[in-house]
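Student: Have a look at this one.
Numbering (UniProt numbering), first residue to last: 1 to 155.
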């Protein structure tokens with residue numbers, strides 16, 4: 001059976017918990033061996049508790065993760081991605097194609113909707129700004145169409 005605790009003590013422990021401490025740390029500071037007593041009292045009073053595992057998930061993002069490899073990965077088709085979770089063009093996993101970041105830095109503005117960053121030498125690993133061309137979708141298609149026609153003419 002769980003001991004009854006005065007509301008003032010529960011309120012104090014809950015405010016410590018809400019300040020970012022783990023429930024176990026709050027419990028130990030108040031003389032309890034586990035967080036189960038706090039959990040019980042918080043639930044009885046409908047007090048907010050963070051989702052289980054939330055602290056674990058938060059601590060395993062980015063460079064805190066044991067599999068962190070520096071925030072650069074190579075995607076299929078050779079595109080290099082850089083971890084920039086707050087970027088407007090970030091994918092769901094927080095990565096942005098490096099050629100977009102380089103082009104934006106070179107232009108001094110974000111790539112607009114409808115603009116494409118083309119690798120002039122067709123090497124998707126080569127993200128030097130002099131190898132990148134910011135163009136429209138239709139012009140990008142024409143560039144590849146011309147390249148295809150050149151290849152057919154040579155064979």
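Using N, Cα and C, we set each Cβ at its ideal position, and we do this for glycine too.
1. Between the alpha carbons of residue 139 and residue 116, how many angstroms are there, rounded?
2. When you compare each of 64, 84, 97 to residue 75 by their alpha carbons, which one comes out closest?
3. Check for me: the alpha helix (DSSP H) holding residue 109 runs from which residue to which?
4. Look up residue 117 in the DSSP assignment and give the residues it is bridged to.
5. Just verifying my parser: in three-state terms, what is the DSSP assignment at residue 50?
6. With a Cβ-Cβ cutoff of 8 Å, do residue 132 and residue 103 count as a contact?
7. Please state whether DSSP places residue 141 in a helix, a strand or coil.
8. Taking residue 62 and residue 83 to be in contact with their CB atoms under 8 Å, please state how far apart those CB atoms are, rounded to whole angstroms.
9. Output the boundary residues of the beta strand (DSSP E) element that contains residue 5.
Tutor: In terms of the structure at hand:
1. Each residue's Cα considered, the two are about 9 Å apart.
2. Residue 97 is the option with its Cα nearest to residue 75.
3. For residue 109, there is no enclosing alpha helix (DSSP H), as DSSP gives it neither H nor E.
4. The partner list for residue 117 (beta bridge, DSSP) reads 134.
5. Coil.
6. Yes, the pair counts as a contact, with Cβ atoms nearer than the cut-off.
7. Note: residue 141 maps to helix in three-state DSSP.
8. By a beta-carbon distance limit of 8 Å, residue 62 contacts residue 83. Their separation comes to about 7 Å.
9. Element bounds for residue 5: n/a, residue is neither H nor E.
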